[in-house]
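Trainee: The sequence shown maps to residues 0 to 897 in numbering that gives the first Met the number 0. Even glycine gets a Cβ: it sits at the ideal position worked out from N, Cα and C.
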Amino acid sequence: MGEQKEEKQGRGPICIGLLAHVDAGKTTLSEGMLYQSGQLKKLGRVDHKDAFLDTEEQERQRGITIFSKQAVFQMGNRPATLLDTPGHVDFSSEMERVLSVLDYAVLVISGTDGVQSHTRTLWRLLSRYHIPTFLFINKMDLPGTHRQSLMEQLRRQLDGGCVDFDPHRPPEELWEEAALCDEDTMATYLEEGRLKPEDLSSLIAQRKLFPCYFGSALRLQGVTELLEGLERYATPRVYGGEFAARVYKIGRDPQGARLTYLKVTGGTLRVKALLSGKGRAGEEPWEEKVDQIRIYSGARYQAVDQAPAGTVCAVTGLSRTWAGEGLGAEAGSTLPVLEPVLTYQVILPPDKDPHTALSQLRQLEEEDPQLHLVWNEQLRQIHIQLMGQVQLEILQKVIAQRFSMEVSFGQGNIVYKETIANKVEGVGHYEPLRHYAEVHLILEPGERGSGLCFDVQCPEEVLERSWQRLVLSHLEEKTHLGVLTGSPITDMKITLVGGRAHEKHTEGGDFRQATYRAVRQGLMQAESVLLEPWYDLRLELPPTAVGRAMADIQRMGGVVSPPESQGEEAVLTGRAPVSALGDYAAQVTAYTKGQGRLSLALGGYAPCHDQQQVVEQMGYDPQRDLENSPDSVFCAHGAGFAVKWDQVPEYMHLPSFLEKKREEAAPAAPAAPAVSRYAGSLEEDKELMAIYERTYGPIRRRDFESRAKKAPEKPAQQPEEEKPAVRQTLSGPGLARREEYLLVDGYNIIFAWDELKTIAQKSMDTARQILMDILSNYQGYRGNHVILVFDAYKVPGNLGSVSRYHNIHVVYTKETETADSYIEKTTYSIARHHKVQVATSDNLEQVIILGHGALRISAAELRAQVGQVKQQIDQILEESHRGKNQALGHALEKAREK
């Protein structure tokens, strides 16, 4: 992997990132730094649309940085890499990805605007990523800028370690202010009376000291001093000899070649080196060769044979890498802090296939993972998450340029999330015939902003380590949805505490099903909490407007601290929901007559201020979400049957982990029943139980078998008058007037009918064609709606299709979707309004569709019906033929008579 041979540790180039609030002059400063260092012979300008690092047409047109760019230059005798990042808040995710590879940062602040809301966001991110930071206060040539007041603002709103590094200051003043940042440094200063450059470098590297330089990038004032300060105080990192790298960006060159932007953080990367990665959750590990190593500077690049540690480069030949991934000895991956808070529907052109569009848009999601593309199968809609209006406009043009596709976007909606407020145990059991897996998970609330954390507290004698790892991978591979609004869950700890496999029948996919169902079953029991994004706000306004502002924030459901005085102004700080703030900035401008200023920064997620209203408005039904079922599947007498989520504790094969803990904590207390409300459910479901027992015989639940000396159950019997007449109920007068649908599991029928099975052994296409012709004739006689479903879930990249063949519909399911799940989903949707029959020989599927209100017929029954229809069609044709012959005979006789 890369260069595995241990090499002597060495120092590499320094990687410096430029960050700023939009319009602070960051790109202009990058031009000045490259020009002053000799990298550029001509000084470009943003307003002249010839800036060296504005390589994209949209960047030149708008005058803002949209994509991060790289330039190489000499900082004195040291090689350095400069990474320019977007300043607009809508492109914050692009900026944040760069932070993972920076050695130092230069934060640019406009002298006329001071510290802005996005400036504070950048400062928090720099602190989180532990990046030593220099500050450049720009536009000091403009009127209204005051050096001393700006320094006071920086110390007050950013950090007390901000120190003016004006080279014209007496060094004693600089040393004294720097010594105040650290006790040990103060002791050194008091003892020696001075500080060495190494002392200052150490404080900067520890983020205790933040050098501040003032100037005007446009007029090249203060740029040289900034470069000299970086050269003097920025210390190159020491790298190890083992290969390591951090991926920070995925892109494509003008020819469409995929580029993996990375920083080598150990050893040496060479062309044709074999790299490998673990793959994302749910994906297989990968191993690929490096085809080319490019060192970019602006739009141009130089191809090199090797890249030593510290080098920032772009690599071709890698197709499975992703932003934030660590390669080689670089452990783990980085997760972003900033997330989009708005979701939009992508409205496609009328003639554009949504599946084709989705596969194209996945390329953009690969380059910007925060887009979070979502395909809503039920609505057949594509949804995308964005930071704001400017990003939406840019994305619209990128899609048009790259894919020749004109799209529009629906109205933006808030991106909600869900968590839980109590600790529960979720159980998932998956046991169709010849399959088996059971999983027990503990779901408990986590700290706000912690995301999802996974753990294992399951002994290997209970569940082997290989199965435990598989369960963890299934937990990580999927975006699990909550049960309030179907929004992603977060801020939870999920712990595997138990599980069971079967030596013969368990397959990997069984644990996937059991794990998904366990998470969902736990969520159905828990007290769910809806989360929404909140802003941290800062409001500067005249004292006379304080009362109005505080009342407004409280009316929005927000919280506000007591006002503070700042000169002639009052300052309010607090938090409020994103959904409630809306255009409040314009309102502030109006009621303060232009004297107020509202600053907002994303403050993470917090409980929704109007949860009930949002839940009712979204109208999500977790039990109708068949792709995220909380129910389990058990097996008895050779057939699987579905068990509702609230009845799973009565059927599960392993004891409850939480119940066991409670018993251990209070051994003298009588044990509570696993689910106290199950007796009522049995009474409510006795009709369905009667059907099961008449069909499969008396059902003995497996959890009873494992209990020692349990008295044998009496066979369930019901009086004759209580036995439900299922077919009479489903085919009564109320249903007779409704349209009839027949759903057919294609491959199941082919292999159940001997004549088609024989044909399929020679040609599956021929067998499919014959079945389609048979069902077309059947539909023509019966007049019902026929939907023929074929499995295509093992076809990689398959997006599924629905087509019309003569008078029937033929469905090929998408990748990972079986015919069973498609039929189950479709049955649930239409059985309440239409009469539905499902033809399959799958016993489990028959049981499930029965619960959805549909009739089920076996393959043999369908074969008999098809035979009867064929006989009746033949009889009609024969009578028609006989009638035509008789008419012809009469005509001939009349002709002879004439």
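Are the beta-carbon atoms belonging to V743 and L774 less than 8 Å from one another?
Mentor: Position 744 of the sequence shown, counting from 1, holds the residue named residue 743. Position 775 of the sequence shown, counting from 1, holds the residue named residue 774. Yes, the pair counts as a contact, with Cβ atoms nearer than the cut-off.
Trainee: In three-state DSSP terms, what is V868?
Mentor: Sequence index remark: in the sequence shown, residue 868 carries index 869 (1-based). Residue state, collapsed to three classes: helix.
Trainee: Below 8 Å on the Cβ atoms is my contact criterion, and I expect A256 with L326 to pass it. Report the Cβ-Cβ distance as a whole number of Å.
Mentor: Locating residue 256 in the sequence shown gives position 257, counting from the first residue. Locating residue 326 in the sequence shown gives position 327, counting from the first residue. No, A256 and L326 are not in contact; Cβ-Cβ is about 19 Å, not under 8 Å.
Trainee: Could you give the distance in angstroms between the alpha-carbon of Q864 and the alpha-carbon of A858?
Mentor: Here residue 864 refers to the residue found at position 865 of the sequence shown. Here residue 858 refers to the residue found at position 859 of the sequence shown. For Q864 and A858, the distance between alpha carbons rounds to 10 Å.
Trainee: May I ask you to report which of helix, strand or coil DSSP gives T839?
Mentor: Residue mapping note: residue 839 aligns to position 840 of the sequence shown, counting from 1. Residue state, collapsed to three classes: coil.
Trainee: Run through DSSP, which three-state label would R154 get?
Mentor: As a first step, residue 154 is located in the sequence shown; it is residue number 155 there, counting from the start. Helix, per DSSP.
Trainee: Just checking, does the segment 415 to 426 make contact with the segment 363 to 376 on the three C-beta pairs under 8 Å criterion?
Mentor: Not touching, per the Cβ criterion.
Trainee: How is M651 classed by DSSP in three states: helix, strand or coil?
Mentor: Residue numbering aside, residue 651 sits at position 652 when the sequence shown is read from its first letter. Three-state DSSP puts M651 in coil, outside helix and strand.
Trainee: Using 8 Å as the threshold, is the segment 216 to 229 in touch with the segment 277 to 290, meaning 3 or more CB pairs across them?
Mentor: Taking 8 Å as the limit for Cβ pairs, the verdict is that the segment 277 to 290 does not touch the segment 216 to 229.
Trainee: Answer yes or no: the CB of L854 versus the heavy atoms of the ligand SAH, is any distance below 7 Å?
Mentor: Judged by which ligands are present, the structure shown has none, so any question about the ligand SAH falls away.
Trainee: Is the segment 320 to 338 touching the segment 83 to 100, taking contact as three or more C-beta pairs under 8 Å?
Mentor: Yes, the segment 320 to 338 is in contact with the segment 83 to 100.
Trainee: When the Cβ atoms of the segment 259 to 276 are set against those of the segment 21 to 37, are three or more pairs found closer than 8 Å?
Mentor: Not touching, per the Cβ criterion.
Trainee: Anyone know if the C-beta pair for D790 and T817 falls short of 8 Å?
Mentor: For this step, residue 790 is matched to residue 791 along the sequence shown. For this step, residue 817 is matched to residue 818 along the sequence shown. Yes, Cβ-Cβ distance for D790 and T817 is below 8 Å.
Trainee: At which residue ranges does the segment 342 to 419 contain complete alpha helix (DSSP H) runs of 4 or more residues, listed in the order of the chain?
Mentor: As far as the segment 342 to 419 is concerned, its whole alpha helix (DSSP H) runs of at least 4 residues are 353 to 366, 388 to 402.
Trainee: Return the bridge partner residues of Q220 from the DSSP annotation.
Mentor: Numbered from 1 along the sequence shown, position 221 holds the residue referred to as residue 220. S215.
Trainee: Tell me, which residues are paired with H833 by DSSP?
Mentor: Reading the sequence shown from its first residue, position 834 is the one you call residue 833. According to DSSP, H833 bridges with nothing at all.
Trainee: Are the Cβ atoms of N76 and S109 separated by less than 8 Å?
Mentor: For the purposes of this step, residue 76 is taken as residue 77 along the sequence shown, with counting starting at 1. For the purposes of this step, residue 109 is taken as residue 110 along the sequence shown, with counting starting at 1. For N76 and S109, no; Cβs fall outside 8 Å.
Trainee: Where in the segment 132 to 184 do unbroken runs of the beta strand (DSSP E), each at least 3 residues long, occur, reported from the N-terminal end onward?
Mentor: Counting only runs of 3 or more, we get 132 to 137, 161 to 163.
Trainee: If you count every other CB in all the chains shown that lies within 10 Å of the CB of V237, and 16 or more means buried, which is it?
Mentor: Counting from one through the sequence shown, the residue named residue 237 turns up at place 238. Exposed is the call here.
Trainee: What did DSSP end up calling Y780 once you bin it into helix, strand or coil?
Mentor: As a first step, residue 780 is located in the sequence shown; it is residue number 781 there, counting from the start. Looking at Y780 - three-state DSSP - the assignment turns out to be helix.
Trainee: Who are the Cβ neighbours of M150 in its own chain at under 8 Å, not counting the five residues just before and after it?
Mentor: Translated into positions along the sequence shown, residue 150 becomes position 151. The answer, listed in chain order, is C161, D163, C211.
Trainee: Could you please give the first and the last residue of the uninterrupted beta strand (DSSP E) stretch that includes V340?
Mentor: By 1-based counting over the sequence shown, the position of residue 340 is 341. Note, V340: premise wrong, no beta strand (DSSP E); not H, not E.
Trainee: Can you tell me which of the three DSSP states W285 falls into?
Mentor: Here residue 285 corresponds to residue number 286 of the sequence shown, with the count starting at 1. In this structure, W285 counts as strand in the three-state DSSP scheme.
Trainee: Please go through the same chain and pick out, in chain order, the residues whose beta-carbon is closer than 6 Å to the beta-carbon of I748, but skip the five residues on each side of it.
Mentor: Here residue 748 is taken as the residue at index 749 of the sequence shown, counted from 1. Correct list, in chain order: A858.
Trainee: Can you say whether T64 is buried or exposed, counting buried as having 16 or more other CB atoms within 10 angstroms of its CB?
Mentor: Against the sequence shown, residue 64 aligns to sequence position 65. By the neighbour-count rule (16 or more Cβ atoms within 10 Å), T64 is buried.
Trainee: Please report the distance separating the alpha-carbon of E877 from that of Q871.
Mentor: The residue labelled residue 877 in the question sits at position 878 within the sequence shown. The residue labelled residue 871 in the question sits at position 872 within the sequence shown. One C-alpha to the other measures close to 10 Å.
Trainee: By Cβ distance, which residues of its chain are closer than 6 Å to Q359, with the 5 residues on each side in sequence left out?
Mentor: Along the sequence shown, read from residue 1 onward, the residue named residue 359 stands at position 360. Hits under 6 Å: F402.
Trainee: I need the straight-line Cα distance from A70 to H504, nearest angstrom please.
Mentor: Against the sequence shown, residue 70 aligns to sequence position 71. Against the sequence shown, residue 504 aligns to sequence position 505. C-alpha separation (whole angstroms): 58 Å.
Trainee: Once DSSP output is grouped into helix, strand and coil, what is the label at L202?
Mentor: What you label residue 202 is simply residue 203 of the sequence shown in a count that begins at 1. Reduced to three states, the DSSP call for L202 is helix.
Trainee: Where do the N-terminal and C-terminal ends of the alpha helix (DSSP H) with F750 fall, by residue?
Mentor: Within the sequence shown, residue 750 is the residue found at index 751, counting from 1. Looking at the DSSP string, the run of the alpha helix (DSSP H) that includes F750 is 745 to 751.
Trainee: Count the other CB atoms within 10 Å of the CB of S560; is the residue buried (16 or more) or exposed (fewer)?
Mentor: Within the sequence shown, residue 560 is the residue found at index 561, counting from 1. Its Cβ having fewer than 16 others within 10 Å, S560 is exposed.
Trainee: Does the Cβ of H117 have 16 or more other Cβ atoms within 10 Å, making it buried, or fewer, making it exposed?
Mentor: By one-based count along the sequence shown, residue 117 stands at place 118. Burial call: buried.
Trainee: Mind checking who L529 pairs with in its DSSP beta bridge?
Mentor: Translated into the one-based positions of the sequence shown, residue 529 becomes position 530. L529 pairs with E417.
Trainee: With respect to the beta strand (DSSP E) encompassing D551, which residues constitute its N-terminal and C-terminal limits?
Mentor: Position 552 of the sequence shown, counted from the first residue, corresponds to residue 551. Element bounds for D551: not the beta strand (DSSP E) but the alpha helix (DSSP H), 545 to 554.
Trainee: Buried or exposed for C312, please, with buried defined as at least 16 other CB atoms from any protein chain shown within 10 angstroms of its CB.
Mentor: Against the sequence shown, residue 312 aligns to sequence position 313. Label assigned to C312: buried.
Trainee: Just how far apart, CA to CA, sit T355 and E241?
Mentor: For the purposes of this step, residue 355 is identified with residue 356 of the sequence shown, where counting begins at 1. For the purposes of this step, residue 241 is identified with residue 242 of the sequence shown, where counting begins at 1. In a straight line, the C-alpha of T355 is about 42 Å away from that of E241.
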